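Read through the structure below, which is laid out as structure tokens, and then see the notes.
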Amino acid sequence: MNIINKEILGNINIADMDKYGSSITGIRLNVNNAYTDIPDLLKEYIDSNEEDNESWQQIQNRINYIYSAVSIMLAKLDEETNFILKVKEDISNNKLLIFKPNLISPICIDPTTHGAGLMIYLNTNWSIIAAIMRWFHDYANIHYSHMAIAEGGCSIELYGVQYSKYTKHTITNEAIFEGRSHDFYDDDDNFYGGWGFYFSRKYLSYHCTSDEDDNPMNGYEESCKGIYLSPGEAINKMMIYDINQLQIDRSRGRTIDIPDGQNYSEIVLHKVIVGGNSSDLEDIKLYPGCVLINVPTMKLHAQDLITNALKNLGLGLYPLQCAVTENPSDTNWLYGSQNTKIPSYRSLVPHSPLIMKIDGNTHLPMRDKYGRYIIKRTAGFSGTQCDIIKAVQSQGILIVNISDNINIVNVVHAVPTEAQPIPEGFIWASLDCVALDTFCARYCFNTLPMLESKKLKKAYHFPTEFIHDVPIAKIKKQQIVSTLWVDSPLFRYYLYNDAEKRGIGSCSYYIKGVDLTNNTKLASYHGHLISLSNNNMNEVLTKTLYYNSNSILHSLQPTILSYAKSNDTLFHSNLYKELLAGFDENHDGIIDYNERGTGFENSLIEVISNTSDISAFEKYGDLKATYLRSLLWLKYSNSKWNADGHDFLKMKILTM
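So this is what it looks like as structure tokens:
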């Protein structure tokens with residue numbers, strides 16, 4: 001495990017533990033007993049034509065272990081908040097229990113080897129969903145036909161096209177979510193590849209009643225056939241909804257006004273999430289609304305600080321296939337790359353305060369008559385996330401946030417070959433996405449014992465005491481050497497405060513939980529995670545330096561700037577001044593998360609997004625698109641390296 005316990009010294013008593021703010025409940029479990037080896041066991045089971053009962057039993061044992069842990073955590077959350085009463089009330093009014101996982105790319109089951117797919121650690125694990133669904137079934141007596149999956153992953157459509165070409169059969173988006181596609185028309189062999197929800201269904205089929213509306217396998221056939229049924233039409237079925245696909249039938253979406261919107265005054269959302277039009281009884285019957293179970297997996301993010309509860313909703317609910325008009329052939333997308341058949345990234349959604357105006361045909365930033373990029377100021381990534389969560393909350397939707405921190409993904413969040421899953425062993429739950437994210441971020445960026453960090457905060461006037469050791473460069477005998485100092489990206493990050501000001505949630509919280517690895521209680525003191533055993537109190541700290549390499553200037557700023565200064569001294573370069581000139585908009589010597597350059601974030605995403613059609617439809621498209629994604633970073637960083645004289649990525653290259 002990646003945890004150290006530091007004994008708390010001083011006049012602190014158990015009675016002094018945090019009691020106010022939003023409730024966060026948690027569980028720490030043994031990482032090796034959870035889902036770590038499920039991919040290997042699943043491969044054995046699949047390769048045996050699903051006849052290897054021993055492998056399947058071992059998979060069930062792992063999910064049972066997660067279920068027992070989740071049961072303690074969610075029962076404790078119910079003790080603190082009584083949320084199940086509201087859940088039951090909503091379900092009695094025909095609302096669905098909608099589970100929103102976090103799927104960047106669905107490759108968790110490799111279609112060739114049937115082993116672990118490249119994205120296995122970067123997505124919410126299907127076994128976690130199975131365990132949570134079972135808890136709601138057992139604890140709240142909610143049948144599986146009142147549950148559904150809703151997700152809008154970036155690459156689902158792309159892999160649907162590719163898998164269909166590979167198999168010469170239609171592999172639907174929903175079948176990719178299932179991870180197993182069966183041809184019900186020809187009763188052909190099964191195709192395996194994708195996420196794995198079919199195996200969640202299979203696990204749950206051992207934990208259900210004999211009632212027809214409690215059969216979790218109902219809905220699987222619709223996934224494989226690509227049959228869309230609204231919640232009101234899906235009688236006795238547990239459905240999967242691709243919430244990206246609105247353009248095929250715009251009646252599936254509803255425009256929600258946001259009176260205090262910063263980036264958007266209105267947003268189109270899938271009715272599976274927000275329900276039908278309240279003035280249309282037939283629409284409400286088809287789309288009665290939901291209780292939203294938000295299940296992210298914790299990652300360090302490339303354009304933001306972390307992926308967790310806020311971002312899984314704040315970016316993941318924007319529908320990619322939703323155009324300006326209701327014409328099914330319109331590809332003038334509202335949120336994704338325009339004029340592409342497969343918009344794989346939300347490139348038009350602001351990822352930074354400054355964004356460049358994009359030409360929908362060339363997918364390149366536009367310039368004015370003087371050759372200057374046309375730039376618009378927005379409320380940045382904070383506004384993007386807060387706007388859509390405000391839209392959801394305005395519909396009276398209960399949101400239960402359950403964050404998988406069993407393995408926290410470090411270094412990169414979307415490139416599997418570079419991502420580093422760190423075994424922390426936690427799962428956390430809260431009704432408050434702001435409180436949950438505030439705590440999880442504080443945990444990641446806190447490696448110093450509380451008493452020491454409080455002294456440093458006071459001595460150096462730090463804005464927070466949640467700090468970690470970072471390497472700092474200095475020159476010794478004409479060489480650059482590293483020393484240690486302290487820092488925190490929380491010094492420079494404002495989303496949680498912004499969300500609190502907009503009424504989305506609170507940054508104040510208290511923790512109650514259990515550590516199953518040593519049979520101790522979990523609590524918090526001044527926001528710090530504490531382990532309680534009898535009268536002993538220990539602070540629980542991570543040992544890992546968390547950061548994302550693509551946002552390293554913001555996440556490890558003192559490190560990067562100290563190396564730039566040292567390099568300038570030794571080699572007479574000008575890196576330090578270039579970095580400040582390119583990013584430090586208010587000239588205070590600090591580059592915060594709202595200072596992200598002149599809009600290259602969205603422009604880069606747009607340029608890369610344009611390669612998805614190449615990957616899907618051109619011969620050897622995957623090879624070509626992969627090459628182009630690497631090439632384009634360089635091509636548009638120097639005006640001499642492209643025919644149009646673009647250099648909008650020059651500052652991005654400088655920070656890589």
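1 is the number of the first residue of the sequence shown in the UniProt record's numbering; add one for each residue after it. Virtual Cβ for every residue (Gly too), placed ideally from N, Cα, C. This structure is a prediction, so every number in the text was calculated from the model and none was measured.
Inter-residue Cα distance where the pair is residue i and residue j
i, j, result
"Cys433", "His572", "47 Å"
"Leu292", "Ser482", "47 Å"
"Pro106", "Tyr163", "12 Å"
"Thr569", "Lys477", "12 Å"
"Thr124", "Val295", "7 Å"
"Leu269", "Thr255", "6 Å"
"Leu604", "Asp16", "49 Å"
"Tyr636", "Gly219", "46 Å"
"Lys225", "Phe184", "8 Å"
"Leu541", "Pro416", "26 Å"
"Trp633", "Leu575", "19 Å"
"Pro353", "His554", "15 Å"
"Tyr206", "Thr598", "55 Å"
"Leu97", "Ile480", "56 Å"
"Ile66", "Arg377", "45 Å"
"Phe191", "Asn53", "20 Å"
"Tyr627", "Ala616", "14 Å"
"Ile375", "Thr384", "17 Å"
"His143", "Leu545", "43 Å"
"Ala140", "His351", "39 Å"
"Asn277", "Asp260", "21 Å"
Span of the beta strand (DSSP E), counted from its first residue to its last, around residue i
i, result
"residue 658", "The chain is shown only over 1 to 656; residue 658 falls outside these bounds and no answer can be derived."
"Trp333", "From DSSP, Trp333 is part of no beta strand (DSSP E); its letter is neither H nor E."
"Cys290", "Cys290 to Val295"
"Thr483", "Gln479 to Asp487"
"Gln420", "Gln420 to Ser430"
"Glu151", "Met147 to Glu151"
"residue 660", "A question about residue 660 goes unanswered here, because the residues of the chain that appear run from 1 up to 656."
"Gly542", "In the sequence as displayed, the identity of residue 542 is Thr instead of Gly. Here the beta strand (DSSP E) through Thr542 covers Asn536 to Thr542."
"Arg596", "Neither: Arg596 is in no beta strand (DSSP E) and is coded neither H nor E."
Enclosing alpha helix (DSSP H) for residue i [first to last residue]
i, result
"Tyr159", "Ile156 to Thr167"
"Glu465", "First-last for Glu465: undefined, no H or E at that position."
"Arg201", "Phe197 to Leu204"
"Val70", "Asn53 to Thr81"
"Glu178", "Asn173 to Glu178"
"Ser223", "Tyr220 to Lys225"
"Lys652", "Lys650 to Leu654"
"Glu500", "Leu495 to Lys501"
"Arg442", "Cys433 to Cys444"
"Asp568", "Gln557 to Phe571"
"Gly380", "Gly380 to Gln393"
Cβ neighbour criterion (16 or more within 10 Å) applied to residue i
i, result
"Ile235", "exposed"
"Trp641", "exposed"
"His587", "exposed"
"Phe445", "buried"
"Lys95", "buried"
"Asn519", "exposed"
"Leu281", "exposed"
"Ala148", "buried"
"Ser531", "buried"
"Gly396", "exposed"
"Arg372", "exposed"
Per DSSP, the bridge partner or partners of residue i
i, result
"Ser506", "According to DSSP, which records beta bridges pairwise, Ser506 is partnered with nothing at all."
"Gly253", "His270"
"Gly513", "Gly26 and Leu522"
"Pro101", "Val295"
"Val349", "DSSP lists no partner for Val349."
"Asp404", "Thr297 and Ile427"
"Lys619", "For Lys619, which the question treats as bridged, DSSP gives no partner whatsoever."
"His137", "DSSP output for His137 lists no bridge partner at all."
"His528", "Tyr525"
"Phe191", "Ser181"
"Met356", "Ile375"
"Pro471", "Leu484"
"Ile109", "Ala116 and Gly194"
"Val409", "Lys299 and Pro421"
Whole-number beta carbon distance between residue j and residue i, since they are thought to touch under 8 Å
i, j, result
"Thr297", "Asn548", "Between Asn548 and Thr297 the Cβ distance is about 15 Å, and since that is not below 8 Å, they are no contact."
"Gly232", "Pro319", "In fact, because the Cβ distance is near 20 Å, the residues do not count as touching under 8 Å."
"Arg28", "Leu556", "Their Cβ separation, rounded to whole angstroms, is 27 Å, which puts Arg28 and Leu556 out of contact at 8 Å."
"Ile504", "Lys369", "No, Ile504 and Lys369 are not in contact; Cβ-Cβ is about 41 Å, not under 8 Å."
Heavy atom of the ligand FAD within 7 Å of residue i beta-carbon
i, result
"Ala150", "Questions concerning the ligand FAD fall outside what the structure shown contains, since it holds no ligand whatsoever."
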